Amino acid sequence: MKPYLRILLLGAACAIAAQGEAPLSVGYQKRIQLPVAGATAAYSLDSNIVEASAGNGIVEILGKAPGSANIVIVTPAGVQSVAVTVPVPPPVVPPGFEPPEHLNAAETGSYELRYNSDPSQVTNSVELKRTEGKSFTRMQVVNANLFSANGSTSAVSFPFVAYQISRPDTDMTFIDKNVGNTPLTVDGLIVRGFHLRQGPWEFHGGFTSIATFQGLFLATDREYTAGVSRLFKLDDADSLQLNTYYFQNPETQRLVAGNGAVSSLAYRRKLSDKGNFLAELGLSHGLGFASRGTYDDKRNHIAGDVRIEPRNFASLAVNNQHGTFAALNASRKLSERLYASLDLNQSGYNLPTLSQSNFTTSSLLHFKINRYFSVNSGSAYSSFQSRTPAGPRIGSFNLPVGFDYSSRHFGTGFQYQRTIGLDGGGSGNDFTLNGRASAGSFQVSGLYRHDVQVPTLAAIFSQIPGLQDALDRAGIVATSPEQLADLLRNTAILQLLGFTNAFTVNLAPSRNDMSASLGWISRRQNRRKIDVTYFNSNTQLLQGNNFILTTATLSYSQRLHSSNDLVASAAMVRTTSFGVTTTKPLFSVSLQHRFYTVPGMLLPGRHGVIEGHIFRDDDSHGLYYPQAPAVAGVEVRLDDNRVAHTDARGYYSFHHVPFGVHRVEAKYQSDEPFFYTTDSPATADINSTIDFGINFAKGQIFGYLLNDAGSGISGITIELRKAAPGAAQDEKLARRVSTGENGKFAFTGLAPGDYTVATLADSFPSGYALADLTGQTITVESGKPASTQFRVRALRSIAGKVLAYDKASLQTVPLAGITVRLKELSLETRTGPTGAYIFRNLAYGTYTIAIESDGKEITRSVTLPAEPANLRDIDLNAGKLF
Amino acid sequence: MKALKVFVAQAPGSPARAGFARGGVEAPSPAMKRAKGFVARALLPVLCLSICVSAQTAPAAPAQNAAPLRPADKPSISLSPAVVMAKGSFGQGLTQTLYFTNQTGRDLTFELVAEDVIVKDGKRSFVLAGETPDSIAATAVFSQKAVLVKAYSSAAVDVRLTIPARTSIRAVVAIFRGTDVLPSSNGSVGMTASLSALITFNLTDNVKLQPEAVRVTPASESANMSISQWIANTGTEPALPEGTAAVLNTGGALAGKAAFAPLRLLPGERLEFSAEYPGDLPPGSYRVLCSYQFEGKTLTSEGKFDVPKK
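Protein sequences, first through last, are from chains U and R.
Numbering (my numbering) for the first sequence: 1 to 882.
Numbering (my numbering) for the second sequence: 883 to 1192.
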C-alpha cells in the first residue's frame, strides 16, 4: 500500500475513533451515511437496534429500534467499532390519555428583587403556586416604582397583583390578569379587575393602566373594558368563539383608540400537536379582521399574523394595532443539506398621530456542504415610509452571500452583502466577519460589521430618565431592517401614550460595529458565570455627524446554595453625538429565590399525614405488626428536606404533608451490617403508612454429622450453646436442631460471638462410640457462615465360631484354640473354649476371615456396612474331626 | 440506600415455552417481549424438575393479585421475568415483582427461597442463603413465604434483595420450589416442579472477557458451517455478550454473517459461543471476524479458513 494511502486510512480511522468518544446518534427508522475511507465491510452487533453496511468508502447505518449497539467497520487499515445510539421517539399517547393526577403535584414559588440604575427602578416580584393534578392556585405580586408620561419622577405601586384559582371547569382570577382573549378584543394586556371562566363562558372586566418596555413598568391613564365570550366546540379540533366587549378610554387617548363595543366571531382550529390557526371577524366602528397561526413539523416551520383594524375600531388605547399589519416567518428543509427561509413584515399604522407604512422581506437559502461548512445566499428588501410625522421614504435592496465554518470548539463566518439604495439612496458593500472559540470553561467571540445605507431610528426624546438611553441602545442593537421593523412595532405604544416623541427612520450613510466577548462558566454546582463584553458602534449620520455608542459590560451570575441565584451587571456607556460626549455607569442587580413549599394560609391545599414504624424484622417478613420490636431514634427523611425521628415505639409521622407523591427514607445507622426488609426509600401518597423493617446480617453455623465411613447420620440432635464472656461453664443453651437425611444441620440467624456446638449423645441410636463425642467452639461473624463437621465412629464387629464335625459323636463341635485371621487387617485371634472368636472396632468394608485346617486355608468373606453392625454367626467349618 | 437500575427480560407465558433444563442452565425461549427473540433463549428461567417420592407440605398463602387466565392448549407453568439484570453499587437495595402463571388444571403451592449463584471451576452452582460469605440471598425478603397459585391463574410475589457492603457474589436465584407432588399419567413416581428467576448484579466497571481461538467447522453435506469460540469472564461482573461472526472474502467485503446465540457469563464462567452460517461460500480463502459487544465495549478476534474446491 502506498504511504499516502496508509496516512489517509489512518486519518479515517482516527476520525472514527474520535467519533467513538460520543455515540453516533441515528434517528429511529432513519438512515445516515458516514464517509470512511477504504471501508470494505460493516456489520452491526445487534441487528435489532441498528443495521450497517459499507461500500465504496461509505458506511450506511439504519436506526431500527431505540437502543444502543456497536457497529464494526472493516478497512484495509484494520477494524474499528463505532457506538451508535437510536434515541427513543416521542411517545405516541392514545387519544384522551392523561397521566394520573397524583403525578402532577407540586408547590413552587419564586421571589425576585431587581434593581436597575437607569432609570432607577426597584422591582419586587413574588409568585407562589400550588398544583394538585389539573387544579392549581396561584398568587402573584409585583411591586415597583412606576413612571408616567406626565412627569420625570416615579411613584411606588403594585403593577401586578393576582390571585388565581383554577379548576378543570372553572378559572377565577382576582385583580390582575394578562388577558389574551382574541386579537380584536383584548390581546395580551394586563387587565385589573375580575376574571372568570366557567365552562364555555369567559368574563373579563376592569381597567388597564400599565405598559411595559424592556422590563420597565410605565403607568398610563386608566382604560376600562368589560366583555364576555362563549366557546362553541364543533369537534375535538374546531371551535367557534363569540365575543362581546366594551371599551372606555380616557379623554387623552381618544385620538389613539375609540370607545364603544366590539362584537366578533373567532374560529379556532388545532392542528394536532403541530400547530394552531385562528381567524376572527369583528364589528365595531367598521369591520376588523385578524388571523394568526403556527405550524411545525419535521421539515416546515410557518408562523403568520395578519390584522386589519380601522382607525375608529373600538379598543383599549394601549393596544396600538390600528391599521394593517402582517407578518410571516417560514422555513423549510428542502433536503438533508438545503434549508430555505422567508421573512415578511408589513406594518401600516393608521392613527391620527402616527401614520407609517413599513415593509420588509427577506429570503435566504442555506446549503450545508459537509458537517462543518455551509454557505448561504438570498435577497432582502425594505421600505420605511412615515406620513405622520412626515418623513422621507427609505428603501433598500440587499443581496447577501456568506459562508460559515462550525465545529465543536471553533466557528467563523463571513457575510458579504451588496446594498442598493432605492429612493435616491446610494449603493455600497456590507460585510460581516465573526468568530468564536471555546476551550474548557472559557468562550470567546468577536464580530466586526460594516454596513452602508443603514435604516436607523431617528433621534428619540423622552422625559423619562433612562428611557431615552434604553431606546438608543435598542435602536443600535436593531441591525437589520427586520429587527428595526420589530422595534418600531414594539415601541409605537410609547409614543402613542406620550412617553416619547414620534419615531421616524433615517438612512445612515454607513455604520461600523465591533464587539468582543469573553465568557467563563464554572462546571461546579454553583454555576458561576462571568461575561465581559465590549461593543462599539459608529453611525455616520446624514447631518455629517457621527453617533458613537461604546459599552463595556461585566456580568456575573452565581447560584447561592440550591435555592438562590444572583445576577449582577455593571456597564459603562459612552455616547458621542454632535461632538458632545457623555459617559454613564449602569448597574443592575437581581436576587432570585425559589420556594419549594408555599404557606397554606395563602394558598390552601389538600394535606395529609405520612406515618409509620421502624421495627426489627429478624425473620425478614417485611411486614409490621404491633408486637414487633421497635427501633427508636432513627432519622426519617421526607423528600430530603423534612426530618423526623422515631420515638420509643418506633413511630414517626409527618403532618401537613401536601398532596402528591413523596419520597420517604429511613436513615438507620449501625456498626453492625444490616439491611432493610422493606423498601427504603419508598414513595408514598399523603395519608399513607410506610413501615421500615430492619434486619441484621447475621451469621450461621452449618455442618454435617458423619460416621467414620463418611455417611451422614440423620435424626441426631445438635446443640448450640452461646459462650458467656469469660466463663465457658456458663454457656447458655441457644438452640437445638436435628440432622437431616445427609447428616446436615444449620443454625441460622446467629448474632456475632463464640458458640459451642455439640452432638447430644442421648439422641444417637445404639452402635456408635459415644465416649469420643466432644463439642466444638466456633466463632460467628456478621454475614459470615461458619462450617464444621462431626465424625462419629460406628461400632462394627465380626463374631462367630470355628466348628468341626465330630465323627465320633456324630455332631458338630466347637474348636478351641484355633487361630482365626482377619486377612485385610492382619489381625489374629484364637477361639475360646466354645470355639468363639470376635474382631471388634472394624471399619466399613469387606473382610476375609480365615483359619487353617489340615494345611488348608478355610476363608469366609464378610462385608461390614457404613452403619453400625455386629455381625454374628460368621462361623467357619474346619471340616471333620476324627 | 438507593434502588438499583433494573433491566428485565420478560418471560413469555405461552405453552410453547414449556421445556425443562437442568438447574443453573438457562434454557431457550421462543418469544421475548423485546424484538430480539434470540436473547430470550438465554434468559429463560431455570426450570428445575426434580423427582421425589414424598410430598412436602408447607403453609401456603392464597395468591395475591390472582387473575383468571384462559386455559391453554397444553398445560404449562411460567415465571416472569426470567432474568433480571440489575445495575447499581454496594449497599443498594432492589425490589422485584415476580409473576407466576399456572396454566395447568391443578392448584399448585410453592415455597419461596433465594439461593446464591457462585461459580466453581468454571461452572455455576447454587448455594443456600447464608452459606457463602456476604451472601445476597440471605437478605432476601419475599412478600409471601409460600404461595398458592390456583389453576389457570397467576400470582405476583415481591422479592427484596440488598447488596452487602462487600461481596463477590453477583447472582441470585429466587426459587418457587414446588411442594405438590404431581401425579404421573402412567402410574410412575410423582414429581414436583420448581421454577426460578435469575437476578444478576453489575456493581463495578470491571467487566473483562478473555476470548480463545476462533474455530471454524466447514459445511458438510449434513451440517452448516459453524463458527465457535470459547470466552471466559475474567472480570468481577456478569456480562451478556451479543456477537456476530462476519465472513470476509479476500477483498475485505462481507461474504456472510451469523449471530452468536448470547450466553450470560458470570464472573469466572467460561462458555462456548457458536453460530451457524447456512449459506454456501464459493471456494477460496476467507477471514472470519468474531465481534461481541458487552457493557458498552467491543471485542473482536479473527480467524482464517479455506473453502476447498469440490
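Each residue gets a CB set at the ideal place from its N, CA and C atoms; glycine is no exception.
Every value quoted in this text rests on a predicted model; they were computed, and no experiment measured them.
- For Ala-492 of chain U, the enclosing alpha helix (DSSP H) starts and ends at 481-496.
- Pairwise C-beta distances place the segment 774-787 of chain U in contact with the segment 695-707 of chain U, as three or more of them are shorter than 8 Å.
- Contact residues of the segment 237-271 of chain U toward chain R are absent (C-beta to C-beta distance below 9 Å).
- Every unbroken stretch of the beta strand (DSSP E) spanning 3 or more residues and falling wholly within the segment 987-1064 of chain R is given here in chain order: 990-1002, 1005-1010, 1028-1031, 1035-1044 and 1053-1060.
- Within chain R, the residues Gly-1134 have their CB atoms less than 8 Å from the CB of Pro-76 of chain U, given in chain order.
- Bounds of any beta strand (DSSP E) do not take in Met-601 of chain U, whose DSSP letter is neither H nor E.
- Interface annotation, Asp-1016 of chain R: in contact with chain U, CB-CB separation under 8 Å.
- For Ala-799 of chain U, the secondary structure class from DSSP, reduced to helix, strand or coil, is strand.
- In the three-state reduction of the DSSP assignment, Asp-639 of chain U falls in the coil class, being assigned neither a helical nor a strand state.
- In the DSSP assignment, Asp-238 of chain U falls within the unbroken beta strand (DSSP E) covering 238-248.
- Exclusion of the five residues before and after Ser-688 of chain U leaves Ile-610 as the residues of its chain whose Cβ lies within less than 7 Å of its Cβ.
- Ala-1047 of chain R belongs to the set of residues whose beta carbon lies under 8 Å from a beta carbon in chain U.
- Using a CB distance cut-off of 8 Å, Gly-970 of chain R does not count as an interface residue toward chain U.
- Annotation: the segment 164-209 of chain U contains the following complete segments of the beta strand (DSSP E) (minimum length 3 residues), in chain order: 170-180 and 187-198.
- In this structure, the alpha-carbon of Asp-754 of chain U lies about 12 Å from that of Ala-734 of chain U.
- In this structure, the CA atom of Ala-69 of chain U is about 39 Å from the CA atom of Glu-1013 of chain R.
- Considering only U:Asn-276, U:Leu-283 and U:Ser-809, the residue with the shortest C-alpha distance to Ala-303 of chain U is U:Asn-276.
- Distance from the CA of Asp-671 of chain U to the CA of Asp-619 of chain U, rounded to the nearest whole angstrom, comes to 20 Å.
- Neighbours of Asp-618 of chain U across chain R, judged by C-beta separation under 7 Å, do not exist; the nearest C-beta is about 12 Å away.
- Per the coordinates, the alpha-carbon of Ile-521 of chain U lies some 11 Å from the alpha-carbon of Ser-438 of chain U.
- Here DSSP, grouped into helix, strand and coil, assigns Gln-525 of chain U to coil.
- Taking CB atoms only, Gly-1012 of chain R has a neighbour in chain U less than 8 Å away.
- Selection U:Ile-175, U:Phe-147, U:Ser-653 and U:Met-514 evaluated against Asp-118 of chain U yields U:Phe-147 as nearest (Cα-Cα).
- Contacts with chain U (Cβ-Cβ distance below 9 Å) from the segment 1017-1039 of chain R involve Ser-1017, Ala-1020, Thr-1021, Ala-1022, Val-1023, Phe-1024, Ser-1025 and Lys-1027, listed in chain order.
- Secondary structure of Lys-823 of chain U (DSSP, three-state): helix.
- When Cβ pairs closer than 8 Å are counted between the two stretches, the segment 566-574 of chain U is seen not to touch the segment 593-610 of chain U, the count staying below three.
- The residue among U:Gln-483, U:Arg-796 and U:Leu-518 with its C-alpha nearest the C-alpha of Ser-441 of chain U is U:Leu-518.
- In the three-state reduction of the DSSP assignment, Thr-252 of chain U falls in the helix class.
- Counted as a single uninterrupted DSSP element, the beta strand (DSSP E) harbouring Glu-309 of chain U occupies residues 300-309.
- In this structure Asp-679 of chain U is buried. Its beta-carbon is surrounded by 16 or more other beta-carbon atoms within 10 angstroms.
- Contact note: Thr-977 of chain R reaches chain U through Thr-678 and Asp-679, using a C-beta cutoff of 9 Å and chain order.
- Restricting attention to U:Arg-821, U:Leu-623, U:Arg-860 and U:Gly-703, the CA atom closest to the CA of Ser-1025 of chain R is found in U:Leu-623.
- Lys-1186 of chain R: member of the beta strand (DSSP E) spanning 1179-1189, first to last residue.
- In this structure, the alpha-carbon of Leu-1080 of chain R lies about 9 Å from that of Pro-963 of chain R.
- When U:Leu-196, U:Ala-211 and U:Ile-210 are compared, the shortest CA-CA separation from His-204 of chain U is found for U:Leu-196.
- Interface criterion met: the Cβ of Thr-1180 of chain R is under 8 Å from a Cβ in chain U.
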